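J.: Handing you this structure, nothing more for now.
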Amino acid sequence: MVSIPVLPRRYHKASVWALYVIGLCPAVWDFYLAYSGALGFNPVKEFEHLLGTWALRFIIATLAITPIRDLFGINWMRYRRALGLIAFYYVLMHVAVYVSLDLRFDFGAVWSDIVKRWYITIGMACLLLLIPLAVTSNNWSIRKLSGTWNKLHKLIYLIAIGGVIHYILSVKSVTLVPSTYIALIVLLVAYRVVRRPILDWKRGKTKMAQATR
Amino acid sequence: MPAYRPPRISASEITPREIYMSRRHFMGAAAAAGLAMTGVGEAFAAPLTTTPGAYKLDEKLTPKEAVTTYNNFYEFGVNKEDPAANSGDFKPTPWSVKIDGMVGKPMEIGLEDLLKMPLEDRTYRMRCVEGWSMAIPWVGFSLSALLDKVEPLGSAKYVSFETVVRPEEMPGQKGFFQALPWPYIEGLRLDEARHPLTILAVGLYGETLPNANGAPIRLVVPWKYGFKSIKSIVRISLVDKQPQTTWKNSNAREYGFYSNVNPAVDHPRWSQATEQRIGEGGFFGSNRRPTLPFNGYAEQVASLYDGMDLKANY
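Residue numbers (our numbering), protein chains in the order written: chain A, 1 to 213; chain B, 214 to 527.
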């Protein structure tokens with residue numbers, strides 16, 4: 001079993017806030033690069049794509065929390081809400097840049113993109129599906145919805161798959177980088193299917209070890 | 214993966230302009246001397262002697278730095294900056310182009326002879342299928358003039374083109390997950406190839422082509438989407454059937470043989486009604502302009518397609 005130094009409990013809250021700050025740094029940095037001309041000659045598209053890629057990365061990080069705890073015994077559950085919300089903020093920024101800087105608030109063009117182009121239809125659907133998850137991410141909702149909350153938040157699997165489809169449909173050729181995102185998301189979603197048997201097997205092993213001791 | 218990739222250098226660390234300009238002046242003089250002695254084009258940008266062409270463009274030119282660093286040339290990688298960053302090992306000299314197929318006089322013509330063709334300045338709009346555009350001062354000669362030399366047979370109806378394959382010099386052509394099958398191939402109808410607007414370019418901004426832009430010789434067909442303008446050509450064949458083309462083979466629903474710029478026919482994944490002019494407006498002032506039918510060359514080329522359904526023949 002991997003063992004890493006355990007963060008003392010008194011720092012847990014601060015570390016979550018630090019994650020929000022660190023997680024949003026790429027947006028600030030990329031904005032600065034785009035603004036200062038360091039993102040090349042089509043900075044709007046570049047910035048838009050970077051924000052989308054960061055959203056996908058944070059969705060992957062969100063999905064990785066459970067398998068990391070199950071398989072390596074490292075409990076980072078306290079960071080999962082922040083990771084999910086940061087992903088949501090990146091999706092919001094990604095769409096905001098697309099509507100404002102890219103399409104210059106031409107809502108007719110936005111609408112025709114949504115109805116005509118599958119990757120934008122899927123992307124927008126993912127944004128809509130993320131809203132209820134973000135709204136119910138607080139402790140009060142978790143308590144209030146109890147069992148329903150768990151079911152509702154399983155939507156993230158659909159959003160992750162939709163997000164990566166949105167990404168691969170938007171590139172002209174699926175090369176190493178898009179393939180990596182596909183592989184990670186497929187792996188992380190597929191893990192949920194085999195999770196029960198894996199956990200049962202691990203539990204069985206521990207019991208056996210205790211019985212033979 | 215290449216064993217060694219040169220590090221990205223930020224613009225601020227690069228030699229100041231005055232110094233590199235003086236170096237370029239020196240190299241340019243050396244290149245001219247070299248050209249005069251050997252008649253061979255140099256690997257670095259060498260000045261070309263040209264005459265003003267018949268086609269002018271009354272638009273602001275896209276800055277040279279944008280033209281040479283914002284490219285689609287998947288042989289060097291799929292990102293816009295990849296061709297400029299990864300093409301340092303590519304050797305555009307010596308070079309020759311094989312012209313074969315349905316011709317009376319097949320030939321293999323060296324770059325030194327291609328550079329002796331009457332070179333003209335041709336400033337054209339360049340419209341990428343992805344929705345961006347540039348205004349580029351090419352240096353080139355009429356493809357028709359080259360075709361005359363090989364005497365196409367009456368049976369020839371199309372012209373096909375092929376890009377060089379050199380995995381050792383073109384990082385996009387090796388390893389897993391290559392973007393496209395190689396060689397990159399393109400094609401034109403013979404009358405399109407013969408059209409006075411269609412050129413083979415050997416330079417831009419008055420100098421030989423940078424590797425990222427398709428050195429040492431590339432096609433430029435200004436009324437078609439950029440991917441038709443095949444780069445680093447090694448073979449031109451006259452044929453009687455419509456040739457295979459790389460992007461149509463890769464996704465026929467999205468990329469057709471003709472690929473004429475047409476704001477009325479959307480690409481399935483993006484609108485073609487407007488375009489982003491590269492290098493203008495910056496981050497907040499990015500300006501989209503309407504895309505023109507045949508990229509603004511309708512007056513010259515629309516008659517090539519009389520009676521054709523341009524929605525079906527996209």
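We treat Cβ as the ideally placed atom computed from N, Cα and C, and that holds for glycine. Source: prediction; values computed, not measured.
1. Helix or strand or just coil, what does DSSP make of residue 389 of chain B?
2. Would you say residue 366 of chain B and residue 413 of chain B are within 8 Å of each other, going by their C-beta atoms?
3. Between which two residues does the beta strand (DSSP E) containing residue 400 of chain B stretch?
4. Where do the N-terminal and C-terminal ends of the beta strand (DSSP E) with residue 320 of chain B fall, by residue?
5. Which of the three DSSP states, helix, strand or coil, is assigned to residue 369 of chain B?
6. Name the residue from B:522, B:387, B:514, B:473 whose alpha carbon lies nearest to the alpha carbon of residue 504 of chain B.
7. Could you check the C-alpha separation between residue 486 of chain B and residue 452 of chain B for me, to the nearest Å?
8. Between residue 117 of chain A and chain B, is the shortest Cβ-Cβ distance under 8 Å, so that the two count as touching?
9. Quick one: measure Cβ to Cβ for residue 303 of chain B and residue 382 of chain B, integer angstroms, because I've assumed they're closer than 8 Å.
10. By DSSP, does residue 473 of chain B sit in helix, in strand, or in coil?
11. Is there at least one Cβ from chain B nearer than 8 Å to residue 19 of chain A's Cβ?
12. Does the separation of the CB atoms of residue 279 of chain B and residue 492 of chain B fall below 8 Å?
13. DSSP beta-bridge partners for residue 309 of chain B?
14. Looking only at its own chain, which residues have a Cβ that is under 7 Å from the Cβ of residue 243 of chain B, when we skip the five neighbours before and after it?
15. Going by DSSP in three states, residue 245 of chain B sits in which element: helix, strand or coil?
16. Taking C-beta pairs closer than 7 Å, name the residues in chain B that residue 83 of chain A reaches, listed in chain order.
17. Output yes if chain B places a C-beta closer than 8 Å to the C-beta of residue 181 of chain A; else output no.
18. Which residues in the same chain have their Cβ closer than 8 Å to the Cβ of residue 145 of chain A, if we skip the five residues on either side of it in sequence?
19. Tell me, please, which residues DSSP counts as bridged to residue 354 of chain B.
20. Report the three-state DSSP secondary structure of residue 340 of chain B (helix, strand or coil).
21. List the whole-angstrom C-beta distance separating residue 56 of chain A from residue 191 of chain A, where the pair is believed to meet the contact cut-off of C-beta under 8 Å.
22. Relative to chain B, which residues along the stretch 102 to 131 of chain A have a C-beta separation below 9 Å, given in chain order?
23. How big is the Cα-Cα spacing for residue 359 of chain B and residue 268 of chain B?
24. Show which residues of chain B have a CB atom less than 7 Å away from the CB atom of residue 35 of chain A.
25. Does the stretch 191 to 210 of chain A come close enough to the stretch 163 to 173 of chain A that 3 or more CB-CB pairs lie under 8 Å?
26. Along the chain, which unbroken stretches of the alpha helix (DSSP H) at least 4 residues long are found entirely within the stretch 45 to 104 of chain A?
27. Alpha carbons only, please: which of A:207, A:201, A:208, A:11 is nearest the one belonging to residue 70 of chain A?
28. Taking residue 466 of chain B as the reference, give the member of B:325, B:398, B:479, B:450 with the closest Cα.
29. Does the structure place the stretch 129 to 143 of chain A close enough to the stretch 440 to 449 of chain B that three or more beta carbon pairs sit under 8 Å?
30. Drop a sphere of 10 angstroms on the beta-carbon of residue 138 of chain A, count the other beta-carbons inside from all chains shown, and report buried for 16 or more, exposed for fewer.
31. Run through the DSSP bridge pairs and tell me what residue 502 of chain B is partnered with.
32. Check this for me: beta carbons of residue 62 of chain A and residue 87 of chain A, under 8 Å apart or not?
33. Express the C-alpha separation of residue 468 of chain B and residue 437 of chain B in angstroms, rounding to a whole number.
34. Show which residues of chain B have a CB atom less than 8 Å away from the CB atom of residue 175 of chain A.
35. Applying the criterion that 16 or more other CB atoms from any shown protein chain within 10 Å of the CB defines a buried residue, is residue 119 of chain A buried or exposed?
36. Kindly indicate the opening and closing residues of the alpha helix (DSSP H) around residue 463 of chain B.
T.: In terms of the structure at hand:
1. If DSSP states are grouped into helix, strand and coil, residue 389 of chain B belongs with coil.
2. Not closer than 8 Å, so no.
3. Taken as a continuous stretch (DSSP letters only), the beta strand (DSSP E) holding residue 400 of chain B covers 398 to 402.
4. Residues 320 to 323.
5. In this structure, residue 369 of chain B counts as coil in the three-state DSSP scheme.
6. If we check each option's Cα against that of residue 504 of chain B, B:473 comes out closest.
7. If I take the Cα positions, the gap works out to 34 Å.
8. Output row for residue 117 of chain A: interface = yes.
9. Taking C-beta atoms under 8 Å as the contact rule, residue 303 of chain B and residue 382 of chain B qualify, at a distance of about 5 Å.
10. Reduced to three states, the DSSP call for residue 473 of chain B is strand.
11. Not an interface residue.
12. Closer than 8 Å, so yes.
13. Note: residue 309 of chain B is bridge-paired with B:323 in the DSSP secondary-structure output.
14. Confidence in residue 243 of chain B is poor, its pLDDT being 47 and thus under 50, which makes the residue's placement unreliable; the coordinate value appears in the next sentence. Answer for residue 243 of chain B: no residue qualifies.
15. Residue confidence is low: residue 245 of chain B scores 45 on pLDDT, short of 50, so the model does not pin down where it sits. Its coordinate-derived value is still stated next. The three-state reading of DSSP puts residue 245 of chain B in helix, counting H, G and I together.
16. Chain B residues near residue 83 of chain A: none, gap ~27 Å exceeds 7 Å.
17. Among the CB atoms of chain B, none fall inside 8 Å of the CB of residue 181 of chain A.
18. Excluding positions up to five away in sequence, the list reads 136, 152.
19. B:413, per the DSSP bridge assignment.
20. Correct three-state label for residue 340 of chain B: strand.
21. Actually they do not touch by this definition, with Cβ atoms about 17 Å apart.
22. Only those residues of the stretch 102 to 131 of chain A whose C-beta falls short of 9 Å from the nearest C-beta of chain B are listed: 102, 103, 104, 106, 109, 112, 113, 116, 117, 118, 119, 120.
23. Looking at the two C-alpha atoms, the distance is approximately 19 Å.
24. Going along chain B in sequence order, the residues near residue 35 of chain A (Cβ under 7 Å) are 496.
25. No contact exists between the stretch 163 to 173 of chain A and the stretch 191 to 210 of chain A.
26. List check, alpha helix (DSSP H) in window: 80 to 97.
27. Checked all of A:207, A:201, A:208, A:11; the closest Cα to residue 70 of chain A is A:201.
28. Of B:325, B:398, B:479, B:450, the residue nearest in Cα terms is B:479.
29. Touching, no.
30. Per the 10 Å Cβ criterion, exposed.
31. The partner list for residue 502 of chain B (beta bridge, DSSP) reads B:488.
32. Result yes, Cβ atoms of residue 62 of chain A and residue 87 of chain A sit closer than 8 Å.
33. One Cα belongs to residue 437 of chain B, the other to residue 468 of chain B, and the distance between them is close to 11 Å.
34. At a C-beta separation below 8 Å, residue 175 of chain A has these neighbours in chain B: 291, 390, 391, 392.
35. Buried.
36. Here the alpha helix (DSSP H) through residue 463 of chain B covers 459 to 463.
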